[in-house]
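Residue numbers (our numbering): 5 to 253. Cβ coordinates follow ideal geometry from the N, Cα and C atoms, glycine included. Please read these numbers as outputs of a predicted model, since none were measured by experiment. First the structure, in the form of structure tokens, and then the observations on it.
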Ligand code: PXP
């Protein structure tokens, strides 16, 4: 039986940096957002240092490492540059994500199955440095089992397809995507992997994912930063927390 423990909320602050970078100055400050998120009950902070530095900067990562009192989940592509940065900072967790320069956001999960050997070697030093290694994957058994074989401790299931189907009113497709997430959460848990989920989650879509008993952590960013415009960051996070807790029952 899967663990029914408290579901953690990781708040992704990338898009606070997106707004800052739109003007090239120092505000709004992602570190201030992270501190507020902590106060509002975030169990962790997630930040993605992209190769093109379009939102989070190297200095943001340094600041987060220096000031956070909750764990940092450092999202990164599987490149030598990012590996060196992760090894220098040794964050609590690293989440390996696919990255393409032309994409607007992380569009799919990592292709683990075709790159098992390279990725196994890539994550080994991160694990040795004490980071929890998470792999961002689609709800696809080939990818989940490959993530297990390469030695990851965690998988994060990509919820984007489920959320997109909901937003487009394609409810049969949405339910089919949710069924895949359910099945892969159970499959990963049975393999001994810790299961996280995220991407595109909103107040309307979070509950069925939060209700999956094997899921231990959700990472949510874009919607919360957008909602903060209307109600403030702390109330936006508190409402997400409430929906997650209600769904957990
Ligand atoms: N998890 C991972 C691995 C991601 O890459 C992202 C987006 O950066 C998120 C969660 C959060 O997605 P969103 O910003 O759509 O909530």
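Short check: CB of residue 167 to CB of residue 209, under 8 Å? By one-based count along the chain shown, residue 167 stands at place 163. By one-based count along the chain shown, residue 209 stands at place 205. Their beta carbons are under 8 Å apart, which means residue 167 touches residue 209 by this criterion.
Using DSSP's beta-bridge definition, name the partner residues of residue 159. Within the chain shown, numbered from 1, the residue matching residue 159 stands at position 155. Paired residue(s): 139 and 199.
Inter-residue Cα distance where the pair is residue 83 and residue 129: Counted from its first residue, the chain shown places residue 83 at position 79. Counted from its first residue, the chain shown places residue 129 at position 125. Cα-Cα distance, rounded: 13 Å.
Please report the distance separating the alpha-carbon of residue 10 from that of residue 220. Here residue 10 refers to the residue found at position 6 when the chain shown is read from its first residue. Here residue 220 refers to the residue found at position 216 when the chain shown is read from its first residue. One C-alpha to the other measures close to 7 Å.
Enumerated in chain order, which unbroken segments of the alpha helix (DSSP H) with a length of 4 residues or greater are wholly contained in the segment 44-76? 62-71
Within the continuous alpha helix (DSSP H) that includes residue 27, where are the two ends? Along the chain shown, read from residue 1 onward, the residue named residue 27 stands at position 23. Run containing residue 27: 18-27, per the alpha helix (DSSP H) assignment.
Using a 10 Å radius around the Cβ and a threshold of 16 neighbouring Cβ atoms, would you call residue 103 buried or exposed? For the purposes of this step, residue 103 is identified with residue 99 of the chain shown, where counting begins at 1. Buried is the call here.
Could you pull the start and end residues of the alpha helix (DSSP H) that residue 242 belongs to? Looking up residue 242 in the chain shown gives position 238. Taken as a continuous stretch (DSSP letters only), the alpha helix (DSSP H) holding residue 242 covers 237-252.
Return the chain-ordered list of same chain residues with a C-beta closer than 8 Å to the C-beta of residue 45, the five sequence neighbours on each side being excluded. Residue numbering aside, residue 45 sits at position 41 when the chain shown is read from its first letter. 13, 241, 242 and 245.
Assumed close pair residue 205, residue 213 - CB separation to whole angstroms, cut-off 8 Å: Your numbering for residue 205 matches position 201 in the chain shown. Your numbering for residue 213 matches position 209 in the chain shown. Confirmed, about 7 Å.
State yes or no: is the C-beta of residue 134 within less than 8 Å of the C-beta of residue 94? Locating residue 134 in the chain shown gives position 130, counting from the first residue. Locating residue 94 in the chain shown gives position 90, counting from the first residue. Contact flag set, yes.
What ranges does the alpha helix (DSSP H) occupy inside the segment 78-144, keeping only unbroken runs of at least 4 residues that lie completely in it? 84-93 and 120-132
For residue 224, which of helix, strand or coil comes out of DSSP? The sequence position of residue 224 within the chain shown is 220, counting from 1. DSSP places residue 224 in strand when its eight states are reduced to three.
Would you give the residue range spanned by the alpha helix (DSSP H) that residue 4 belongs to? An answer regarding residue 4 cannot be provided, because it is not within the stretch 5 to 253 covered by the chain.
Short Cβ contact (8 Å threshold) for residue 248 with residue 222: Within the chain shown, numbered from 1, the residue matching residue 248 stands at position 244. Within the chain shown, numbered from 1, the residue matching residue 222 stands at position 218. Their beta carbons are under 8 Å apart, which means residue 248 touches residue 222 by this criterion.
So which of 121, 92 and 62 has the shortest CA-CA distance to residue 152? Working through the chain shown from its first residue, we reach residue 152 at position 148. The residue with the shortest Cα to Cα distance from residue 152 is 121.
On the DSSP bridge list, what partners appear for residue 13? Numbered from 1 along the chain shown, position 9 holds the residue referred to as residue 13. Note: residue 13 sits in a beta bridge opposite 222.
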